[in-house]
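Remarks on the structure that follows.
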Amino acid sequence: MHDVVVVGAGPAGSRYARRAARKGLDVLAFEQGTVGEPLACSGHVSTDIWEYTEGARGELLQNEVSGARFYTDGPGGDAHPFYKDEVISNVIDRVGLDRHLADLAREAGADVREQHTVVGVEEGRDGVTVEAKGPDGVETHRAKMIAGCDGPKSRVRRELGLPEPDELLHGVLGFDETADHGDFVDVHLTVPRFFAWRIPRGEAGVEYGLAVPPGDDARGRFEAFTDGYDADVTRRCSGLIPIGPPKRVTGRRSFLVGDAAAQTKPFTGGGILYGMTAADHAAREIDPTDPSTLGDYERAWREDLRREIRLGHAVRAGYSVPKPLQKAGMKAFEGEIGVHMDRPSTLFSREQLKALLSRS
């Protein structure tokens, strides 16, 4: 009987596994394939990422970013720059990040097993039964609780009948290997209800991407976008982006963390920092021997992230206003900013007010 079985060894799963193992819990974690593969997430993150990696900056850092240029049309249109006179975000080796976090979980004592696909989950009064198909066939494991950290199409969520996210966007990424050390990302408000982006990755090249609602032509829009930049895209990947956490992310002896719980930023789709923040709450609040502590986890992560997620929805609504209003708004506020890319609440911060007043 393990204390916890963790399904999924992405950032949220590995972070939880590490924190739980350091508390002395018996943690078994499964990853469907190889940790970090296939890539389905952007590598553009806030500098807060280094608080979670313990000295891996030199290994993972690809480029430093100090601002963004926003467009209401495609490449070549009028740009509206927003920036700081300092580094505000980083571009990282995204696959390397996953592997590093999984290694930290192993070092803490978690048993992280790759090439194991969970094929069945049954929740009972006294624990959970998990079936996983590995290299040697199907294994059956028992645990006091199960953590579903297995992404937007969470098998744990489906098996246990937990509520779905409000929305699933279809994201597409592509990579041009031409080196680019620029310190601005480019954001184009040219797709329905979201945006397209171009991110310089230093010697690693350039990342292009976009996300669209279900049923839209993601591939066609991506082709048109990269053609506008005359990009030589040599590899691509795609995935779902969950937006809007469901009203409940816990069961009788189960809980969801990260993309499985749609703990993401509604205005960018990024979920690395929000997912690891929720993982820390899960490790602090949940006692696998006491199912009532699942409610403590629900309250803790929602109290921490609720305001940011609500404001993130408001920011995203601006992507769909008429183009003349978008242009007017960006023209009014472009320039130096005091906003943190993970916390839309900083739109109302003293630092942002100071930046606005400095333009007058």
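Under numbering that gives the first Met the number 0, the sequence shown has 284 at position 285, and the numbering climbs by one with no breaks.
Positions of the beta carbon are idealized from the N, C-alpha and C atoms, including for glycine.
Is it right to say residue i is buried, meaning 16 or more other beta carbons lie within 10 angstroms of its own, or is it exposed?
i    : result
V14  : A quick correction: the sequence has Arg, not Val, at residue 14. Flag for R14 reads buried.
D125 : exposed
L352 : exposed
Q114 : exposed
R18  : buried
S319 : exposed
A260 : buried
K264 : buried
H180 : exposed
V211 : buried
S291 : exposed
F321 : It is Pro, not Phe, that sits at residue 321 in the sequence shown. Exposed, because fewer than 16 other Cβ atoms sit within 10 Å of the Cβ of P321.
A331 : exposed
D289 : exposed
E202 : exposed
I324 : A quick correction: the sequence has Leu, not Ile, at residue 324. Exposed, since its Cβ has fewer than 16 Cβ neighbours within 10 Å.
M0   : exposed
G35  : buried
R252 : buried
L356 : exposed
Beta-carbon within less than 6 Å of residue i's beta-carbon, same chain only, minus the 5 sequence neighbours each way: which residues are those?
i    : result
D231 : D175
M329 : F69, H79
E350 : G337
D258 : G150, P151, P241, G270
Using the Cα positions of residue i and residue j, report the straight-line distance between them to the nearest angstrom.
i    : j    : result
F81  : A195 : 17 Å
D84  : E335 : 8 Å
G238 : G170 : 5 Å
Y70  : L255 : 36 Å
A217 : T139 : 39 Å
R317 : A327 : The amino acid occupying residue 317 in the given sequence is Gly; Arg does not appear at that position. Spanning the two alpha carbons is a distance of roughly 12 Å.
I308 : G243 : 8 Å
A223 : M340 : 27 Å
R315 : P191 : 11 Å
P134 : Q31  : 11 Å
D286 : T345 : 34 Å
L38  : G119 : 25 Å
T189 : G269 : 19 Å
T267 : H312 : 10 Å
R154 : E58  : 32 Å
T130 : V117 : The amino acid occupying residue 130 in the given sequence is Glu; Thr does not appear at that position. If I take the Cα positions, the gap works out to 6 Å.
S41  : E206 : 8 Å
A282 : G136 : 31 Å
V184 : L168 : 21 Å
A178 : G66  : 19 Å
P164 : K246 : 9 Å
E158 : R56  : 38 Å
P74  : R342 : 28 Å
E121 : D295 : 23 Å
T160 : T233 : For the record, residue 160 in the displayed sequence is Gly; it is not Thr. G160 and T233: Cα-Cα distance of roughly 39 Å.
A16  : P162 : 23 Å
E284 : Y51  : 19 Å
K143 : G95  : 31 Å
T128 : E333 : 54 Å
Give the single residue among the options whose Cα lies nearest to the Cα of residue i.
i    : options                : result
G76  : Y228, A354, V6, R349   : Y228
R21  : S319, L103, V338       : L103
D72  : H1, H187, T46, D179    : H187
V3   : A354, L293, D47        : L293
P241 : Y273, D110, F183, T345 : Y273
F347 : A331, G201, L310       : L310
D25  : A331, G219, R141, D215 : R141
V397 : G136, L100, E121, A39  : This structure does not reach residue 397, given that the chain is present from 0 up to 359, and the question cannot be answered.
C148 : E302, H312, A277       : A277
V44  : P199, R154, P74        : P199
E106 : E53, K246, I48         : E53
R197 : D226, G214, G219, D215 : D226
R156 : A55, S357, V5          : V5
E166 : G160, M0, K152         : K152
K132 : R252, F29, E297        : F29
M275 : E36, W49, P74          : W49
R298 : V248, R234, K143       : V248
Just to check my reading of the structure: residue i and residue j have Cβ atoms closer than 8 Å, yes? What is that Cβ distance to the nearest angstrom?
i    : j    : result
D97  : G9   : 6 Å
T68  : H79  : Looking at the sequence itself, residue 68 is Arg, so the reference to Thr does not match. With 8 Å as the limit, R68 and H79 qualify as a contact, their Cβ atoms being about 7 Å apart.
G150 : G7   : 6 Å
G12  : A146 : 7 Å
Less than 7 Å between C-beta atoms, sequence neighbours within five positions excluded: which residues of the same chain meet that for residue i?
i    : result
R305 : none
F221 : V171, G173, L209
E63  : V86, N89, D182
A354 : E335, I336, G337
L60  : N89, I91
D303 : T276, H280
Can you find the residues in the same chain that come closer than 8 Å, C-beta to C-beta, to residue i, ignoring five residues on each side of it along the sequence?
i   : result
T46 : V86, I87, S88, N89
T33 : E113, Q114
For residue i, decide whether its Cβ has a neighbour in chain C, counting only Cβ atoms nearer than 7 Å.
i   : result
D84 : Any reference to chain C falls outside this structure, which holds one protein chain only.
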